[in-house]
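Colleague:
Residue numbers (this note's numbering): 5 to 298.
1. May I ask which residues mark the beginning and end of the alpha helix (DSSP H) holding residue 48?
2. By the DSSP assignment, the beta strand (DSSP E) with residue 216 in it spans what residues?
3. Considering only DSSP beta bridges, list what residue 19 is partnered with.
4. Quick one: which unbroken beta strand (DSSP E) runs of 3-plus residues sit fully inside the segment 72-124? Chain order, please.
5. Could you check what DSSP says for residue 273 in three-state terms: helix, strand or coil?
6. Which term fits residue 76, buried or exposed, when burial requires 16 or more other beta carbons within 10 angstroms of its beta carbon?
7. Cα separation between residue 272 and residue 185?
8. For residue 181, which of 248, 51, 88 and 105 has the nearest alpha-carbon?
9. State the Cα-Cα distance for the pair residue 294 and residue 58, rounded to the nearest angstrom.
10. Return the CA-CA distance between residue 206 and residue 187, expressed in angstroms with no decimal places.
11. Around the Cβ of residue 245, are there at least 16 other Cβ atoms within 10 angstroms (buried) or fewer (exposed)?
12. Tell me which residues share the same chain as residue 19 and place their Cβ nearer than 6 Å to its Cβ, disregarding the 5 neighbours each side in the sequence.
13. With H, G and I counted as helix, E and B as strand and the rest as coil, what does DSSP make of residue 201?
14. Under three-state DSSP, which class holds residue 264?
15. Per the contact definition of three or more C-beta pairs closer than 8 Å, is the segment 196-216 in contact with the segment 156-176?
16. Tell me, please, whether the segment 154-170 touches the segment 258-275 by the rule of three or more beta-carbon pairs shorter than 8 Å.
17. Tell me the DSSP bridge mates of residue 68?
18. Does residue 25 come out as helix, strand or coil in the three-state DSSP assignment?
19. Please report the straight-line C-alpha distance between residue 115 and residue 281, rounded to a whole angstrom.
20. Opposite residue 145 in the DSSP bridges: which residues?
21. Grouping DSSP H, G and I as helix and E and B as strand, with all else coil, what is residue 193?
22. Can you tell me whether DSSP reads residue 63 as helix, strand or coil?
23. Starting from the C-beta of residue 69, find all residues in its chain whose C-beta is less than 7 Å away, skip the five residues before and the five after it, and write them out in chain order.
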């Protein structure tokens with residue numbers, strides 16, 4: 005059995021062919037222009053046309069995803085996918101079985117299947133990028149919520165909201181890599197497109213005052229979110245993914261900031277699979293669905 009796997013993002017579509025034990029035998033990616041949902045669908049069709057020996061399709065998708073029906077009620081950055089049933093569309097196009105799951109849940113399922121969460125019953129995954137997402141594994145099961153919106157950690161308040169537009173006080177608005185770049189661009193008077201997270205952290209290491217202030221605030225924001233999550237779910241472990249985790253000292257620095265919050269029992273580590281997590285988690289969900297229907 006070979007499974008075609010897709011990990012849909014607003015700027016890139018990752019594609020792969022995966023065997024049932026988790027070996028990825030082919031990978032490809034396509035740049036997505038302006039979060040174009042029609043381009044994503046076209047790229048998926050092209051990949052499937054070139055890999056006709058696959059026997060199923062596994063999809064990791066952003067937004068609010070009903071894994072039972074395949075309906076995406078809100079497509080995150082991909083507005084074309086609002087109220088769109090991607091599972092039904094793919095099945096009609098290919099006549100192959102299709103399974104679809106939220107991208108943050110797929111990252112968590114990859115950790116459960118082939119990562120550090122294999123023997124755990126209570127753990128969380130947190131992804132830090134242009135936004136903040138997450139997955140919840142509690143009491144031995146994935147938690148999706150009544151409307152498939154559980155794990156949207158980025159919508160937690162990072163500070164007490166003011167009277168005007170409370171949403172601007174959430175983690176998504178205060179503590180992401182995109183926000184960090186915007187803040188640095190504003191303070192230095194440079195265009196946002198010129199600023200990278202790597203540059204800001206390099207300047208932080210060189211004790212640049214602006215970078216030090218912004219990075220310290222960034223870590224405090226993450227710690228605030230972790231503090232809330234630890235008291236809400238009492239996880240034994242939290243695994244963090246996203247480009248920030250490629251920084252070798254990230255976890256050490258994060259734990260240093262966590263000490264002032266008084267939390268030391270929960271183990272905080274980087275996620276295992278990095279850019280392949282979405283593909284692997286989607287396949288694991290596909291295999292679970294196939295077993296459920298047998």
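We put the CB at the ideal spot given by N, CA and C, even for glycine.
Modeller: This is what the structure holds:
1. 41-54
2. Premise fails: residue 216 lies in the alpha helix (DSSP H), 213-237, not in any beta strand (DSSP E).
3. 10 and 32
4. Whole beta strand (DSSP E) segments, 3+ residues: 75-78 and 102-106.
5. strand
6. buried
7. 25 Å
8. 248
9. 15 Å
10. 16 Å
11. buried
12. Excluding the 5 residues flanking it on each side, residue 19 has same chain C-beta neighbours closer than 6 Å at 10, 32 and 51, in chain order.
13. helix
14. helix
15. no
16. no
17. 78
18. coil
19. 8 Å
20. 142
21. coil
22. strand
23. Cβ within range, chain order: 76, 104, 105, 106 and 152.
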